[in-house]
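Under my numbering, think of the first position of the sequence shown as 1456, with each following residue one higher.
Since the structure comes first, as structure tokens, the remarks are kept for the end.
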Amino acid sequence: MVRLVSEQQIEQLADQLGESDTFRVGEIAVDLDPFDFARTGAPMVDRAIAFSGPSGIRVAGLGTAWRASASGPPRFADLKSKMT
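Structure below.
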């Protein structure tokens, strides 16, 4: 499991929030590699996806809202019929 925040950051957040019964907002910086995020959450969802591009962009996603597959020459028509 990837630890997203340190004990020190949790203490800083607690100091920002204080004790109150009302809505409170705090802010801490989190340096998170999207690929670590995907690896950590993968066992909890049906699918984890990660992508990196030549420009250095790194994107990850967890879970699938909807999935379809098709093969052969009519595959695009098959997929279209599943989507409409």
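Note that CB positions come from ideal geometry on N, CA and C, so glycine has one too.
When the Cα atoms are used, what is the spatial distance from Q1467 to A1505? 31 Å
Could you spell out the range, first to last residue, of the beta strand (DSSP E) harbouring R1513? 1513 to 1517
Please list, in chain order, all residues of the same chain as M1538 whose beta carbon is under 8 Å from its beta carbon, the five residues on each side excluded. Within the same chain, M1538 has close Cβ partners A1523.
Buried or exposed for A1515, going by 16 or more other Cβ atoms inside 10 Å? buried
Just to confirm my understanding: we take V1500, look at its own chain, exclude 5 residues before and 5 after, and list those with CB closer than 7 Å. What are they? L1517, G1518
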